[in-house]
Structure formats: C-alpha cells, structure tokens
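The block underneath contains the structure these notes are about, expressed in structure tokens.
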Amino acid sequence: MADVTRESLVHTLEEIALLLELKGENPFKTRAYRNGAEVVQNFEGDIVGRAAADELKGIKGIGNALQQKLYELASTGKLEYFEDLRAEFPPTLFELFELQGLGPKKIKALYDKLGISSVNELKKACQGSEIANLSGFGAKTVEKILGAIETRAKFADRFRLGEVTPLAETLLERLREHPKVNRSAIAGSYRRAKETLHDLDFLVATKEPAELTKFFTDFPEVQEVIAQGDTKASVRLDNGLQCDLRAVSNDHFPFALQYFTGSKEHNVALRSLALKKGLSLNEYDFTGEGDIPKVEEEVDIYRALKLDWIAPELRENRGEIEAACAADLPDLVKLTQLRGTFHNHTIASDGKNTLEEMATAAQEHGLQYLGIADHSKSSFQANGLNETRLVQQIEEIKIINAHFEDFALLSGSEVDILKDGSLDFHNDLLAELDYCVASIHNVFNLPEKEMTNRLIRAMENEHVTMLGHVTGRLLLKRDPYAVNMEKIIDCAAETKTVIELNCNPWRLDMDWRWWHRARDKNVLTSINPDAHSIEQLQFLAYGARLARKGWLRRKDVLNCHSLSEIQAWLRLPKSKR
DNA sequence: GCCGTTTTCGGCCCGACTGTTTTCAGTCG
546 MADVTRESLV
556 HTLEEIALLL
566 ELKGENPFKT
576 RAYRNGAEVV
586 QNFEGDIVGR
596 AAADELKGIK
606 GIGNALQQKL
616 YELASTGKLE
626 YFEDLRAEFP
636 PTLFELFELQ
646 GLGPKKIKAL
656 YDKLGISSVN
666 ELKKACQGSE
676 IANLSGFGAK
686 TVEKILGAIE
696 TRAKFADRFR
706 LGEVTPLAET
716 LLERLREHPK
726 VNRSAIAGSY
736 RRAKETLHDL
746 DFLVATKEPA
756 ELTKFFTDFP
766 EVQEVIAQGD
776 TKASVRLDNG
786 LQCDLRAVSN
796 DHFPFALQYF
806 TGSKEHNVAL
816 RSLALKKGLS
826 LNEYDFTGEG
836 DIPKVEEEVD
846 IYRALKLDWI
856 APELRENRGE
866 IEAACAADLP
876 DLVKLTQLRG
886 TFHNHTIASD
896 GKNTLEEMAT
906 AAQEHGLQYL
916 GIADHSKSSF
926 QANGLNETRL
936 VQQIEEIKII
946 NAHFEDFALL
956 SGSEVDILKD
966 GSLDFHNDLL
976 AELDYCVASI
986 HNVFNLPEKE
996 MTNRLIRAME
1006 NEHVTMLGHV
1016 TGRLLLKRDP
1026 YAVNMEKIID
1036 CAAETKTVIE
1046 LNCNPWRLDM
1056 DWRWWHRARD
1066 KNVLTSINPD
1076 AHSIEQLQFL
1086 AYGARLARKG
1096 WLRRKDVLNC
1106 HSLSEIQAWL
1116 RLPKSKR
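Residues 546 to 1122 in my numbering are what the first sequence lists, from first letter to last.
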C-alpha cells in the first residue's frame, strides 16, 4: 500500500477537481473538492490519522461524500472513484493545464475534437490549421498557445520570495515616483509573504489609469505584454516573472488593496461575512441597502465588518477572521524586535567572511549578539571544523569579545546529525559551547519513521539548543525530507528544543504552516539567517515575515531577547528553560 | 458536493480582458 500523507490526500482531491472540470461537471461540485483539498492542507492536527480512523465528522468543508472518500484513501491507500475518473483521460492531458490561457473547456475541446492529449501533440497541431478552425478558437489563440508552450519550456512558473524582493521594490518605487500616482502598493502573495510567488500584483491610485498602464508596460524589464487595458495590464519580465498592474481611483484603492492582497480563500470568507451584514464587497466598494460605511484606508473595511485589521501575512483563511472577530489576533513579531541571531558561518567552514567582519556587520544591523555556528567535521564538503579547530574558534571568540561592550559573539556549532541520530561531536565538547544547532546534511532519503527518530534522538541531547532547517527543503528544487512534523513539534515541546526558522530564501524552513501549532505548545523559534556572508544577514527580514505568517509573537521568538537575557537563558539546563 | 438564525432546497464572489463572436464564453485572479 502506498504511503498516505497529507500531501497525497490534498493532491488526490485537487486532481479529482480537475477531472470533474474536464468532464464539465457542476462547477460547485468541483469547488467542493478544491475547497476540501484546502481544508485538508490547512488542518491543524493529524488529518491522515483521523481519516484512516473514519473520524472526520464535524470538519467544515468536509461533508459526507468527502469523509467517505478520505476514509477509503487513508485506510486502503486507494480510491475507486478516483481510479475510475482518471481512467477516462490520458495522464499526459494534465500538462495542458500548465499552459497560460488554456482552461478546462478549451482543453476538453482539443481532446474531444482533435484527440490532443499532450503538449507535444498540441504543438504539432498548432503547425496545421485544424485548431484555428475549431469553434471558439482562432488564429490568435493558436499564436497564444505557441507562446505559452515556449514560456512553459523556458521558465518554471514560480519564484522564491527572496529572489524577487529587490526587483519588486525597485519597480514599486518607480511607480510611486510617477507624478500621477497618489498611492501605490504591491498586493497579492508578495504582500502576504508567501514563500514562493507566481506573480507580482502592483496597485496604484491615480486619476489617469490608462497613462499608468502604458507607463507600466513600457518598463525596460518588460519582455512581453500579455494584456493591456485602461485599468489593468499584465506583463512578463525578462526574468520570466509575470507582473500585473491595476490602476484605480483613490477612493477605490483601499478596496482594491484588500481584494488583490487575497488570499482568495480569505476574501471569499470576508465577502460571506459582509453579505451576512447586508453588505456586498468587491474590489471597488461596499454596496448594500442600508448605511454604507465610509472607507479611506484598508483598515476601515475590516472595521466596517466588526473585525480588527488583519495583517496581510495572516490572510490565508486559517482562523484569522475568527480571531479578528474575537479581538484575539496575535501581536505579531517585528523585524526590529530581533536582538541577535544564532546560525551563521565564517571562513572557518564555508562562509565568506571572518569572525570580525561578521561581528561588525551584525552590529550595523543593530544586533546585540551573533551566534557563530560553523559546520562540523562530517560536513567535509563545507570544510567542517574538527574538534581541534572548534576549540581554537572558541578561544578566538573569547579574545574578540574582549573588545566589545554591548555586543558579543556566541560560540556555537552547526553540528551534523548523523544517520542514526547521534551527533558529530561528543557531549564533552558540546558542553564547552554557548549553544548548538543540530542539522541534517546527508542521507536525506530515509523513510519517514527513521528520519523522525533521527531528529528526535538529536533533540533528546541536552546540549542541542535548536534544530536547524528541519526538513532540508530547497524551495522549487528539493522536496522536504520525510518527517512527521507533529511528532517533531511534540518532541521539541517536551525536550525544550528550539526549532529554527531558517531565513535563507531557498529554505524558509520550518514551513510557516506549522508555527501556529508549535507556538501553542510553547515551542520557541529562533529566526536565523544561516548567513554565509555579511550580506546574508539581510535574510533576517524574510524570516521575520515568515514568522509573522506563522502567527508568531515576540515572546515566541528566542532571539527577541536581549544579550543579558540570552546569556542567562543559555546557562539554564535545557529542562529548566 | 457543501451548507443552514433565510436550514433539507437552492444557492454557492465577481469583475476585467481577450478572442471570437454579432452578444458572449473562457480564462484569470
């Protein structure tokens, strides 16, 4: 029986939705499956276990039919309904959904009328005239399809948050400086701090929308104009990133900002709430029978619905609306509240800068302490330190620290967790350090149970202060290794082990979806840049945004403590922390 | 397929743009 995971349940429900769309089923039925996938993805707790035990009653969005199907899936690893559905279409047909401009209706037409079931076949068919002659298709459509095929081949369709941020801010600044622009913002998943993005959604308030869409499509980075109207434009930049612009009036701006920030799920929930209060909410304004609330800023929209303003990072329909309604939203951590950080490298292992350079840069960032955690000896690819070199580094740090008054380097190690969960250094040596980050750097492919036990054994070590990059994922490149996150979080709570929020844009690990659960079990995080150079201390900004996305408050973040507090905390035995 | 202080049927968020159409369907967000 195939391994059943949360992801596999989500994936099956999403695929069913796609298949139903292809069959031209009732769109609301399709939506029910897609919504079900969302609920399973976001469910806090052991959804797989509950499904397998047929204990899914009472979960909103999972009705009788989905309960049955999830139970069958989780308990047998298969779903007959899904197998039958899937047998109706060739598997390669799904590729066509990756092409921009092709949706279920057009794909079904291509398949039914011309037997096209793969991108390759589609490309060939575009050379001839048969597609252009199909009803609903034309010469322009063929041209667009060919363009989309080329785009798909050339670019992955997602980008890492940290990679687009500098460009995003540059483009926003350019819009802001335009004399006809009153207000401007980037909405969408960028504003929500999603770890990867499909596009950037720019928004401007202006009296001259057409002038702005023209200005936007004329940006030098623009390689292709996908669409351009009087109030909306869509372009692809030379790096493959899609950018959209909406130009609205100043009065409409708060509504547009709210609407285009999303998430879609958050907005659907918000609109339903508005309807219950007799108000219809769209991207321009409120409409309704009674008094229409006055709105000047985005916050006024939430106030009108009797909600506290919800930080964009939280807008994923994961309980934020209920919390806002109950005035129970968390006071989210801020970048400026960080006083230090723990996981950083120097030239001793694979970093680019010396201890002194890293210390100076940290002080320029306003930090009171910087933890040095170079690799240990098993990470020979990263020039990991052996026992002798680590002892030397501890001495060097002592000497350097003598020069500082209100700042300190902390002696640590990013010690390798070996295959069996033991550590790369003996406890005697680890005891000499101020702290220790334990991470996995090899043997990524153990089965979930072994991998989980490996991490648990490391956490049970009294010298392990925190776990580094828990799942080892590299966004858009390498999947997380198989670990049971529920068990990891429970063990972190029991053993008082901190879990790192690794801020490297490629990692952003642990995933933001787990932090709410972790903090509710009193698990602390440390927002760590994993800096391999002084420039990479900037990564802290991404970490702070992802921590906010995970509902974390100042008190949930270890490195919000001052230097003296941290020194006292580190001296406590682990069990007393 | 889901849901319910308008509850077991009948709704389910909605607007912009494009291309093919001659009044609108499909796609996207």
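Think of the CB as a built atom: it goes at the ideal place given N, C-alpha and C, for glycine as much as any other residue.
- Under the three-state reduction of DSSP output, C1036 falls in the helix class.
- Under the three-state reduction of DSSP output, A947 falls in the coil class, being neither helix nor strand.
- Taken atom to atom, the span from the alpha-carbon of T776 to that of S729 is near 14 Å.
- Within 10 angstroms of the beta-carbon of I944 lie fewer than 16 other beta-carbons, which makes it exposed.
- Nearest neighbour of E583 by Cα position, chosen from A597, I1001, E708, E560, turns out to be E560.
- For K651, the enclosing alpha helix (DSSP H) has its first and last residue at 649 to 659.
- Under the DSSP assignment, I1001 falls in the alpha helix (DSSP H) whose first and last residues are 993 to 1004.
- Each residue's CA atom was taken as its position, placing L558 and P636 some 16 Å apart.
- Of all C-beta pairs linking the segment 920 to 927 to the segment 960 to 970, three or more are shorter than 8 Å, placing the two stretches in contact.
- Counting along the chain, the unbroken alpha helix (DSSP H) around L820 starts and ends at 809 to 821.
- By DSSP's assignment, A983 forms a beta bridge with V960, L1012.
- Where G1088 is concerned, the enclosing alpha helix (DSSP H) starts and stops at 1085 to 1094.
- The count of Cβ pairs closer than 8 Å, one atom from the segment 586 to 593 and one from the segment 645 to 663, stays below three, leaving the stretches out of contact.
- Put simply, of Q613, E566, V936, K602 the residue whose alpha carbon is nearest the alpha carbon of L554 is Q613.
- G896 counts as buried, since at least 16 other C-beta atoms from the protein chains shown sit within 10 angstroms of its C-beta.
- Secondary structure in the segment 825 to 867: the beta strand (DSSP E) runs of 3 residues or longer, each lying completely within the stretch, are 831 to 833 in chain order.
- Rounded to the nearest whole angstrom, the CA to CA distance from V749 to G916 is 42 Å.
- Taking C-alpha positions only, S984 is separated from D1101 by approximately 21 Å.
- Only residues of its own chain outside the window of five on either side were considered, and among them L880 have a CB closer than 7 Å to the CB of A1086, listed in chain order.
- Annotation: G911 is outside any alpha helix (DSSP H) and is labelled neither H nor E by DSSP.
- In summary, N678 is exposed, with fewer than 16 beta-carbon neighbours lying within 10 Å of its beta-carbon over all protein chains present.
- Inclusion of L563 and F682 in the CB contact set at 8 Å is not warranted, their separation being larger than that value.
- Listed in chain order, the non-local C-beta contacts of P857 below 6 Å within the same chain comprise R736, R737, T806, local neighbours out to five positions each way being set aside.
- Under the three-state reduction of DSSP output, E977 falls in the coil class, being neither helix nor strand.
- I1111 sits in a helix when the DSSP states are folded into three classes.
- Take the alpha-carbon of D876 and the one of T1040: they are about 26 Å apart.
- As DSSP reads the structure, G885 sits in a beta bridge with Y914.
- Note on geometry: alpha-carbon atoms of R791 and A869 lie some 28 Å from one another.
- Where N587 is concerned, the enclosing alpha helix (DSSP H) starts and stops at 572 to 587.
- Rounded to whole angstroms, the Cβ separation of F887 and S1071 is 5 Å, and the two are in contact under 8 Å.
- Distance between N1049 and E1007, taken at the CA atoms: about 27 Å.
- Looking at the DSSP output, S779 sits in a beta bridge with A772, D789.
- Taken through DSSP and simplified to helix, strand or coil, N1047 comes out as strand.
- Cβ atoms of A801 and L850 stay farther apart than 8 Å, at about 17 Å.
- Segment contact: the segment 595 to 614 against the segment 664 to 671, fewer than three CB-CB distances shorter than 8 Å; contact not assigned.
- Within the model, the alpha-carbon separation for C788 versus I837 is close to 33 Å.
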